[in-house]
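Undergrad:
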Ligand code: GLA
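Residue numbers (the working numbering): 129 to 514.
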């Protein structure tokens, strides 16, 4: 892939890139919609990445392109404001440029950039975090800025929140940054602490993407975010505003009558999901993978009934795959309202078995889900240095 992106960069700009960085996609393992509530979450970085190649140019312009876009977009580096919706793909690296400057990067001139991806499109593997982290690392290296990993991860989240306009938490960027081969990333989102836990031996993740995307998915994500913030505000009871992570089930029950039902249900999901993530961490440490699987199933049930971010297709995938041989558990993974289901399986679960799930799904919904399995991979890094 490095050879290919170097060639493509040369075709686009007539010179070799000076720096290439890469960042992986991620699978959300457990901890659904807990991140922006300051909670706990766990994910795994995969061995498919976005690569970002850059070189300096003499003027004060930033130029972006890739094979899919098929055109170059030129931006003045003294006007770092979001581009119109049609050029949304530019906003990810552009916002990173801005937030890396805010973190201390001092560009002495503009740059040319070319990005490429080995992540399957639309599979729910967070290609957005991968482009953020890979471009952030590429820019920093190009201008001789040496940020720590957390700085780049935080810039990625800021980019999504303030530039792209998605009120997400730090899960995707945290996993893409702190991922390690054969390990899970555990995140304490309130403290912004990241740690790795060994992946259970002989286990594999399977992703089944419903290929359904709710038309209002961005609006629905923001609506859930607001309901959680409303619940936290009521629980804070006029004091300094705290996030849902800081409250217990008992606090919630005591405030139930003061809250709209939707906020109560969202908060109940988040508080209980946080407990499940901690439980999964414990079960992983004691090697109880069957126990981990049960928590995955409970997480899905909670998304379905309390957070209400599942849908018929995801429920059907979970119900179909869960009873199959070799499966420990399954749940919706990511934002929800369509998208993907992740299943934790032992090595006896095969591609054939996955195809059976796809057949059953196709017979019911008239289209095949996207099946995806992969190995874990390392977090973001520079692979060609200046
Ligand atoms: C999306 C967001 C994450 C997280 C998940 C739900 O993937 O980008 O920040 O909120 O949804 O857990």
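Glycine included, each C-beta is placed from N, C-alpha and C at the ideal position.
Bear in mind the structure is a predicted one, so any value in this text is a computation, not a measurement.
Go through the residues and name those whose CB comes closer than 5 Å to any heavy atom of ligand 1, in chain order.
TA: With the cut-off at 5 Å, the residues found are 160, 161, 163, 296, 297, 299, 300, 462 and 463.
Undergrad: Would you mind stating whether residue 130 and residue 362 have Cβ atoms separated by less than 8 Å?
TA: Here residue 130 corresponds to residue number 2 of the chain shown, with the count starting at 1. Here residue 362 corresponds to residue number 234 of the chain shown, with the count starting at 1. Result no, Cβ atoms of residue 130 and residue 362 do not sit closer than 8 Å.
Undergrad: Around the C-beta of residue 453, are 16 or more other C-beta atoms found within 10 angstroms, so that it is buried, or is it exposed?
TA: As a position in the chain shown, residue 453 is number 325, starting the count at 1. Counting Cβ neighbours within 10 Å, residue 453 comes out exposed, since fewer than 16 surround it.
Undergrad: First and last residue of the beta strand (DSSP E) that includes residue 177?
TA: For the purposes of this step, residue 177 is taken as the residue at position 49 of the chain shown. Looking at the DSSP string, the run of the beta strand (DSSP E) that includes residue 177 is 168-185.
Undergrad: Going by alpha carbons, who is nearest to residue 69 out of 152, 218, 230 and 241?
TA: Here the chain comprises residues numbered 129 to 514, so residue 69 is not present and cannot be evaluated.
Undergrad: Considering only the alpha carbon of each residue, which of 372, 307, 299 and 229 lies closest to residue 266?
TA: The residue given as residue 266 occupies position 138 in the chain shown. Nearest option by C-alpha distance: 229.
Undergrad: So residue 448 is in the beta strand (DSSP E); what residue range does that whole segment cover?
TA: Here residue 448 is taken as the residue at index 320 of the chain shown, counted from 1. Element bounds for residue 448: not the beta strand (DSSP E) but the alpha helix (DSSP H), 440-449.
Undergrad: Give me, in chain order, the residues of the same chain whose beta-carbon lies closer than 8 Å to that of residue 310; leave out the 5 immediate sequence neighbours on both sides.
TA: Counted from its first residue, the chain shown places residue 310 at position 182. Cβ neighbours of residue 310 beyond the five flanking positions: 326, 327 and 504.
Undergrad: Suppose you measure from the CA of residue 150 to the CA of residue 260; what does that come to, to the nearest Å?
TA: Counting from 1 along the chain shown, the entry for residue 150 is found at position 22. Counting from 1 along the chain shown, the entry for residue 260 is found at position 132. Taking the straight line from one Cα to the other gives about 10 Å.
Undergrad: If I follow the unbroken beta strand (DSSP E) through residue 335, where does it start and stop?
TA: Position 207 of the chain shown, counting from 1, holds the residue named residue 335. It spans 331-341 - the beta strand (DSSP E) in which residue 335 sits, taken as one unbroken run.
Undergrad: Spatial neighbours of residue 417 within its chain, please: C-beta separation below 7 Å, excluding the five flanking residues on both sides.
TA: By 1-based counting over the chain shown, the position of residue 417 is 289. Only 328, 331 and 456 meet the Cβ criterion.
Undergrad: Are the Cβ atoms of residue 404 and residue 426 separated by less than 8 Å?
TA: What you label residue 404 is simply residue 276 of the chain shown in a count that begins at 1. What you label residue 426 is simply residue 298 of the chain shown in a count that begins at 1. In this structure, residue 426 lies closer than 8 Å to residue 404 by Cβ.
Undergrad: Between the beta-carbon of residue 192 and the beta-carbon of residue 212, is there less than 8 Å?
TA: Here residue 192 corresponds to residue number 64 of the chain shown, with the count starting at 1. Here residue 212 corresponds to residue number 84 of the chain shown, with the count starting at 1. Taking 8 Å as the Cβ cut-off, residue 192 and residue 212 do not qualify as a contacting pair.
Undergrad: What is the residue span of the alpha helix (DSSP H) that residue 305 lies within?
TA: Here residue 305 is taken as the residue at index 177 of the chain shown, counted from 1. That run of the alpha helix (DSSP H) goes 299-306.
Undergrad: Where in the region 236-263 do unbroken runs of the beta strand (DSSP E), each at least 3 residues long, occur, reported from the N-terminal end onward?
TA: Segments of the beta strand (DSSP E) lying fully in the region 236-263: 238-245.
Undergrad: Taking the Cβ atom as the reference point for each residue, do residue 156 and residue 380 lie within a distance shorter than 8 Å?
TA: Locating residue 156 in the chain shown gives position 28, where the first residue counts as 1. Locating residue 380 in the chain shown gives position 252, where the first residue counts as 1. No. Outside cutoff.
Undergrad: Give me the Cα-Cα distance between residue 236 and residue 217, rounded to the nearest whole angstrom.
TA: The residue labelled residue 236 in the question sits at position 108 within the chain shown. The residue labelled residue 217 in the question sits at position 89 within the chain shown. Approximately 24 Å between the Cα atoms of the pair.
Undergrad: Tell me, to the nearest whole angstrom, how far the beta carbon of residue 180 is from that of residue 263; I am working on the premise that it is less than 8 Å.
TA: Working through the chain shown from its first residue, we reach residue 180 at position 52. Working through the chain shown from its first residue, we reach residue 263 at position 135. About 5 Å separates the two Cβ atoms, so the contact holds.
Undergrad: If you measure between the beta carbons of residue 165 and residue 372, is that distance less than 8 Å?
TA: Along the chain shown, read from residue 1 onward, the residue named residue 165 stands at position 37. Along the chain shown, read from residue 1 onward, the residue named residue 372 stands at position 244. Against a cut-off of 8 Å, the Cβ pair of residue 372 and residue 165 comes out as a contact.
Undergrad: Suppose only complete runs of 3+ residues qualify. What are the beta strand (DSSP E) ranges in the region 189-243, listed by chain order?
TA: You should have 189-194 and 201-204.
Undergrad: Can the beta-carbon of residue 244 be found closer than 8 Å to that of residue 289?
TA: By 1-based counting over the chain shown, the position of residue 244 is 116. By 1-based counting over the chain shown, the position of residue 289 is 161. Their beta carbons are not under 8 Å apart, which means residue 244 does not touch residue 289 by this criterion.
Undergrad: Under 8 Å, do residue 558 and residue 335 count as touching if we go by C-beta distance?
TA: Here the chain has residues from 129 to 514 only, and residue 558 is not among them.
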